[in-house]
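The structure appears below as C-alpha cells.
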Amino acid sequence: MTAVTSALLLAQPALAPVAGLAATIQTDLFVYQNGDTVTMTGDGFGPSETVDLVTVDPVGAVVDQGTAASDAAGNFSYQFVLNTTFGGLYTVTARGETSAVSASTQFDPQDKTVITLVVAPSTATWGTAMTASGTLTDDDTKAPIAGATVTLGTYPNVNCNSAQASLGSAVTAANGTFSASINPPAGTPFVGAAYAGEPQVHQAKSQCTSVTVNRASTSTTASLSPTTIPTSGTTSVSWSVSSAAGVSGFAVTGGTTVVKDTGPGTLSCTPASVAVNTPQTNSGFSVVASSSQQFTCSASANGAYTLHVHFADTDGNYFNSDSAGMSLTVSADVQAPSGTVSINGGATVTNGNNVSLHLHATDNVGVTAYRVANGSDCTGATFQAVTPTPTFDLTIGSWTLTAGDGAKTVCAQYRDAVGNSSAVATANITVDTTGPVITFAQ
C-alpha cells in the first residue's frame with residue numbers, strides 16, 4: 018500500500034509559494050518494520066531545487082531530517098533507514114527551498130513484539146522429545162497476541178542468526194502462549210522461536226537457548242557361514258543394525274563394513290561397504306541385511322581369523338556400534354572325518370548293561386580325536402586326543418549303558434587337526450535281563 022497526500026501550500030514569511038505548482042509526496046509502503054529502508058518520492062516541486070524533508074513521530078520528535086534535489090521536472094527521490102519502534106502514525110513533510118511548495122504524507126511502523134522461549138528438558142537423548150514453550154506479546158501494551166504462528170528452529174549461536182533446521186511451528190493461544198514438541202538433532206544446538214509479523218505487528222525473535230541432545234545407542238549383530246573355508250573359498254557374512262530410539266519422519270543413514278581383528282593374511286570382502294538408509298519410527302529402526310547386502314569374504318593365507326561388522330552413523334543422531342567377534346578358519350583341509358560305532362560287534366540284544374564298543378573312522382589327512390556318549394547327543398562328552406591317523410580303529414572293552422532294560426543308544430563323533438567334525442554316528446542295542454518263564458501243564 019502506498020501513502021499519497023495532496024500538496025499543502027504553506028505560507029512562509031520570507032518566501033511565497035510559486036503560483037501554479039501542486040506537489041505530492043509518497044512512501045513506497047505504509048507499514049514498516051524497525052530497520053527498514055523508507056523510500057519517498059515526490060513530484061510537482063520546482064525544477065532543480067533543494068527539497069527539505071523532515072520525519073517526526075506521533076509526539077513530534079524528529080526521527081529523520083535530510084534534503085533531496087529535484088530534477089528538471091520537479092521530481093525527487095529520498096531514502097532513510099527507520100530506527101524507531103514507537104507506535105503510531107509518522108508524518109513526513111517536504112518543502113522546496115526555492116518554490117516554498119510543501120507536501121506531507123504519513124506511515125505507520127509496526128508495533129514491536131516480544132517472544133519468550135523455554136525448552137525443557139534442556140538435556141535429552143535422540144528420540145526423546147523436548148517441549149518448547151513461550152509467550153508472544155505486544156512490547157508496548159504487554160497485550161498477548163493470539164492466533165499467531167511461531168516457527169521453531171535450530172541456530173548456530175545464541176543470537177538466533179541464520180536458521181539451520183526447522184523444528185516445526187505452534188499457534189499462540191488467546192493468552193499469547195504456545196507450546197510444541199521438538200526433536201533437535203544430536204549435539205549442542207541453539208533453539209529459537211520466531212514470529213514473522215503481520216501488517217500492523219512487528220516480527221520478533223526469541224533469544225536462543227542451548228540444549229544438549231545425546232546420540233542414541235545402536236546394536237549390531239553378525240554371523241558367518243561357513244566358519245571353515247579352503248584357501249580359495251569364501252564365507253558369507255550376514256548382519257543387522259537396530260536401535261530402540263528414533264523419531265518418525267527422519268531416516269538413519271550410515272554404512273556397515275567388515276573389520277578383521279586378527280589373522281595371518283588379508284581379509285577381502287565384497288562389497289567393501291554397504292550403505293544404510295532407512296526410515297525411523299518413534300520406536301527406533303531395524304535393518305536386516307538382504308542377500309544382496311551380505312558380505313562375501315575370502316582370506317589370502319591359511320590360519321585362524323577373527324572379524325566383526327562395524328556400523329558407522331552419518332546423520333549424527335546415533336552412536337556407532339560393533340558386532341561381537343566371529344571366528345573363521347582358512348585351511349587346505351576342509352573335509353570332515355567319517356566314522357561309525359558298533360556295540361558288541363553289531364549285536365541287537367544283550368543280557369547286561371556292560372558292553373564293548375568298536376570305533377572306526379577315516380579322514381583324508383588324519384583323525385585326531387573322538388568322543389563317545391550314551392544317547393544320540395554327543396555334545397556333552399569331551400573329545401579325547403589320539404595319534405593322528407587317516408584310519409582310526411579303537412575297541413573299548415567295557416562300556417556301561419544306561420541302567421535298566423530296553424532300547425539303548427550310543428553315539429560317537431570324530432575330529433581332525435583343523436577342527437572339522439564328523440557327523441554323529443550312533444548304534445542301538447536292546448538290554449534284556451529277564452529270563453524266560455517256564456510253566457507246566459497239569
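Going by my numbering, the sequence shown opens with residue 18, and the numbers climb by one from there.
All residues carry an ideal CB built from backbone N, CA and C; glycine is no exception.
These figures come from a predicted structure and were not determined experimentally.
### Query
Is it right to say Ile42 is buried, meaning 16 or more other beta carbons lie within 10 angstroms of its own, or is it exposed?
Of the residues assessed, Ile42 falls on the buried side of the cut-off, its CB having 16 or more other CB atoms within 10 angstroms.
### Task
Using three-state DSSP, classify Gln310 as helix, strand or coil.
Secondary structure at Gln310: helix, using DSSP grouped into helix, strand and coil.
#### Entry: Exposed unless 16 or more other CB atoms sit within 10 angstroms - verdict on Gly164
The Cβ neighbour count for Gly164, taken over all protein chains shown within 10 Å, is under 16; the residue is labelled exposed.
### Query
Do the CB positions of Asn381 and Thr450 come within less than 8 Å of each other?
No; because the gap between Cβ atoms is not below 8 Å, this pair is not in contact.
### Query
CA-CA distance, Phe207 and Leu184?
Computed Cα separation, rounded: 12 Å.
### Message
Quick check: the Cα distance between Leu99 and Val80, rounded to an integer number of angstroms?
### Response
Here the alpha carbons of Val80 and Leu99 stand approximately 8 Å from one another.
### Task
May I have the straight-line CA-CA distance separating Ser303 from Ala141, to the nearest angstrom?
So the alpha carbons of these two residues sit roughly 22 Å apart.
### Query
CB Asn370 to CB Val448, shorter than 8 Å?
Between Asn370 and Val448, the C-beta gap is smaller than 8 Å, which places the two residues in contact.
### Message
Using a Cβ-Cβ cutoff of less than 6 Å, which residues in the same chain neighbour Thr443 once the five nearest sequence positions on both sides are dropped?
### Response
Excluding positions up to five away in sequence, the list reads Ser393, Thr426 and Cys428.
### Query
Is Asn334 helix, strand or coil by DSSP?
For Asn334, the three-state secondary structure derived from DSSP is coil.
### Task
Evaluate the contact criterion for the segment 333-350 versus the segment 401-414: three or more CB pairs, one atom per stretch, below 8 Å.
Note that the segment 333-350 does not touch the segment 401-414; fewer than 3 beta-carbon pairs, one per stretch, sit closer than 8 Å.
### Query
Beta carbon of Thr168, beta carbon of Ala211: below 8 Å?
Yes, these two residues count as a Cβ contact at 8 Å.
### Query
From the DSSP output, which residues share a beta bridge with Ser257?
As computed with DSSP, Ser257 is found in a beta bridge with Thr238 and Val305.
### Query
Which whole-angstrom value describes the C-beta separation of Ala16 and Phe62, a residue pair presumed to lie in contact below a C-beta threshold of 8 Å?
Residue 16 is absent from the model: the chain starts at 18 and stops at 459.
### Message
Could you compute how far the alpha carbon of Gly462 sits from the alpha carbon of Ser234?
### Response
This structure leaves residue 462 out entirely; the chain is present only between 18 and 459.
### Task
May I have the straight-line CA-CA distance separating Gly105 from Ile162, to the nearest angstrom?
Within the model, the alpha-carbon separation for Gly105 versus Ile162 is close to 18 Å.
### Query
In chain order, what residues of the same chain have a beta carbon less than 6 Å from the beta carbon of Thr56, not counting five sequence neighbours either side?
Counting only residues of its own chain and dropping the five nearest sequence neighbours on each side, Thr56 has a CB closer than 6 Å to the CB of Asp45 and Gln96.
### Query
Is Gly452 buried or exposed, if buried means 16 or more other CB atoms sit within 10 Å of its CB?
When all chains shown are included, Gly452 counts as exposed.
### Message
On the criterion of 16 or more Cβ atoms from any shown chain inside 10 Å, does Ile455 qualify as buried, or is it exposed?
### Response
Ile455 comes out exposed.
### Task
For the beta strand (DSSP E) containing Asn294, list its first residue and its last residue.
Looking at the DSSP string, the run of the beta strand (DSSP E) that includes Asn294 is Val291 to Pro296.
### Task
Put Asn361 into one of helix, strand or coil per three-state DSSP.
It is helical.
### Task
Taking only the alpha-carbon atoms, compute the straight-line gap between Gly77 and Leu70 and give it to the nearest angstrom.
One C-alpha to the other measures close to 14 Å.
### Query
Are at least three pairs of beta-carbons, each pair with one atom in the segment 301-315 and one in the segment 192-205, less than 8 Å apart?
In the pairwise beta carbon analysis, the segment 301-315 is classified as not touching the segment 192-205: fewer than three pairs are separated by under 8 Å.
### Task
On the DSSP bridge assignment, give the partners of Gly105 in chain order.
Paired residues: none, contrary to the question.
### Message
For a test of the three-state rule: what should DSSP assign to Trp143, helix, strand or coil?
### Response
Secondary structure of Trp143 (DSSP, three-state): coil.
### Query
In its own chain, which residues sit with a C-beta less than 8 Å from the C-beta of Gly214, not counting the 5 before and 5 after it?
Here the set comprises Gln50, Gln127, Thr130, Gln220 and Ala221.
### Query
Looking at C-beta atoms only, is the number of pairs between the segment 307-321 and the segment 249-268 that lie closer than 8 Å three or more?
Output reads yes: the segment 249-268 touches the segment 307-321.
### Ser415 versus Ala434, Gly423 and Leu374, residue with shortest Cα-Cα distance
The candidate whose alpha carbon is nearest that of Ser415 is Leu374.
### Task
Whole angstroms is fine: what's the gap from Ala434's alpha carbon to Gly271's?
Ala434 and Gly271: Cα-Cα distance of roughly 41 Å.
### Query
When DSSP labels each residue in this structure, what does Gly272 get in the three-state scheme?
In this structure, Gly272 counts as strand in the three-state DSSP scheme.
### Query
Who are the Cβ neighbours of Gly342 in its own chain at under 8 Å, not counting the five residues just before and after it?
Correct list, in chain order: Asp278, Thr323, Leu324 and His325.
### Query
If you check the beta carbons only, do Ile446 and Val372 fall under 8 Å apart?
Yes. Within cutoff.
### Message
Mapping the DSSP letters down to three states, classify Ile132 as helix, strand or coil.
### Response
Reduced to three states, the DSSP call for Ile132 is strand.
### Task
Throw me the rounded Cβ distance for the Ala187 and Ala197 pair, which I believe falls under 8 Å.
Between the beta-carbon of Ala187 and that of Ala197 there is about 4 Å, and that keeps the pair under the 8 Å contact cut.
### Query
With C-beta atoms as the reference, is Tyr107 less than 8 Å away from Phe124?
In this structure, Phe124 lies closer than 8 Å to Tyr107 by Cβ.
### Task
Please confirm whether Asn299 and Val264 have their CB atoms less than 8 Å apart.
Contact: yes.
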